[in-house]
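Chemist: First the structure, then my questions, so here it is.
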Amino acid sequence: MEPCSRTTQEKGTPGDLQDSLFDDTVLRTMNTDKCKFAMKGIQYPRPGTSLFARPLRRSDYNKGFLQLLSQLTKVGDYSKEAFEAQFNSMQALSGMYYVVVIEDTSTATLVASATLLIEHKFIHGAVIRGRIEDVVVDSEYRSSSLGSFLLELLTCFSEEIGCYKITLDCKLKLVGFYEKFGYNNEGQCFLTKRFKD
Ligand code: 16G
């Protein structure tokens, strides 16, 4: 089997869809004419590797999802049940949370993740906007363009579904990276009031 191709099971059996945070048909069938990434749809565009992009699954607690996120920030130590409860809440908000991960199928471990969050607004004629959150690539896989791929995929998708804009906040040292994908500093400040560590 070609590493990046989908097996029958991965094509979306009912059980699969329940396990997935969202139905990735929306990503796989989107118009990618304006996107730079080479392959259409959600497959990671590097045939011959064991890397496979797909929506986050409820079962991903066992595939190192929290360990991956801990390379971005503090995650905390919490149970599989707590993870699943959070997953279920996000899944129930259909059309709001798009967490896309990249699994290295040779080790059954998640090696990259990014989230697109959709927010509904009463401004600009009642619109939606996107936010990119929690972009992280395992340290062993940096320089493989996995972050770029996820960012482009989700940015492109947000435009495709009608977002009037998409934003993100990041550390100052990463501004240059995000600017390469068309994100601009429009002069706003991102302010934080932190209630917990
Ligand atoms: C970065 C992330 C943000 C994440 C935050 C966590 C991107 C583009 N930005 O700003 O999504 O939630 O770090 O930092 O991935 P914190 O733990 O200090 O809140």
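For the sequence shown, our numbering puts the final residue at 181, and the numbers step up evenly by one. Backbone N, C-alpha and C fix where the C-beta goes; we use that ideal spot for every residue, glycine too. None of the values given here were measured: they were computed from a predicted structure.
Report the rounded CA-to-CA distance for residue 116 versus residue 101, giving the unit in angstroms.
Modeler: Each residue's alpha carbon lies about 6 Å from the other.
Chemist: Could you tell me if residue 96 is buried or exposed, where buried requires 16 or more neighbouring beta carbons within 10 angstroms of its beta carbon?
Modeler: Flag for residue 96 reads buried.
Chemist: Excluding the 5 residues flanking residue 166 on each side, which residues of the same chain have their C-beta closer than 8 Å to its C-beta?
Modeler: Cβ within range, chain order: 139.
Chemist: Applying the 10 Å Cβ sphere with the 16-neighbour rule, what's the burial state of residue 6?
Modeler: Buried: at least 16 other Cβ atoms inside 10 Å.
Chemist: Can you tell me which of 107, 122 and 142 puts its alpha carbon nearest to the alpha carbon of residue 35?
Modeler: Comparing Cα positions, the closest option is 122.
Chemist: Give the secondary structure of residue 44 by DSSP, where H, G and I count as helix, E and B as strand, and everything else as coil.
Modeler: In the structure shown, residue 44 sits in a helix (DSSP, three-state: H, G or I).
Chemist: What did DSSP end up calling residue 134 once you bin it into helix, strand or coil?
Modeler: If DSSP states are grouped into helix, strand and coil, residue 134 belongs with the helices.
Chemist: The alpha helix (DSSP H) with residue 157 in it runs from where to where?
Modeler: From DSSP, residue 157 is part of no alpha helix (DSSP H); its letter is neither H nor E.
Chemist: Go through its chain and collect everything with a Cβ distance to residue 124's Cβ below 8 Å, but skip five positions before and after it.
Modeler: Closer than 8 Å at the Cβ level, and outside the excluded window around residue 124, lie 95.
Chemist: Report the start-end ranges of each beta strand (DSSP E) in the region 52 to 83 that is 3 residues or longer and not cut off at the edges.
Modeler: With a minimum length of 3 residues, no continuous beta strand (DSSP E) run stays inside the region 52 to 83.
Chemist: Classify residue 103: buried if its beta carbon has 16 or more other beta carbons within 10 angstroms, exposed otherwise.
Modeler: Exposed.
Chemist: Secondary structure at residue 12, three-state DSSP: helix, strand or coil?
Modeler: Note: residue 12 maps to helix in three-state DSSP.
Chemist: In the structure shown, what three-state DSSP assignment does residue 168 receive?
Modeler: Residue 168: coil per DSSP, three-state reduction.
Chemist: Does the distance between the C-beta of residue 116 and the nearest non-hydrogen atom of the ligand 16G fall short of 7 Å?
Modeler: For the ligand 16G, at least one heavy atom lies less than 7 Å from the Cβ of residue 116.
Chemist: For residue 79, which residues in the same chain have their Cβ closer than 7 Å to its Cβ, ignoring the five residues on either side in sequence?
Modeler: Cβ within range, chain order: 102.
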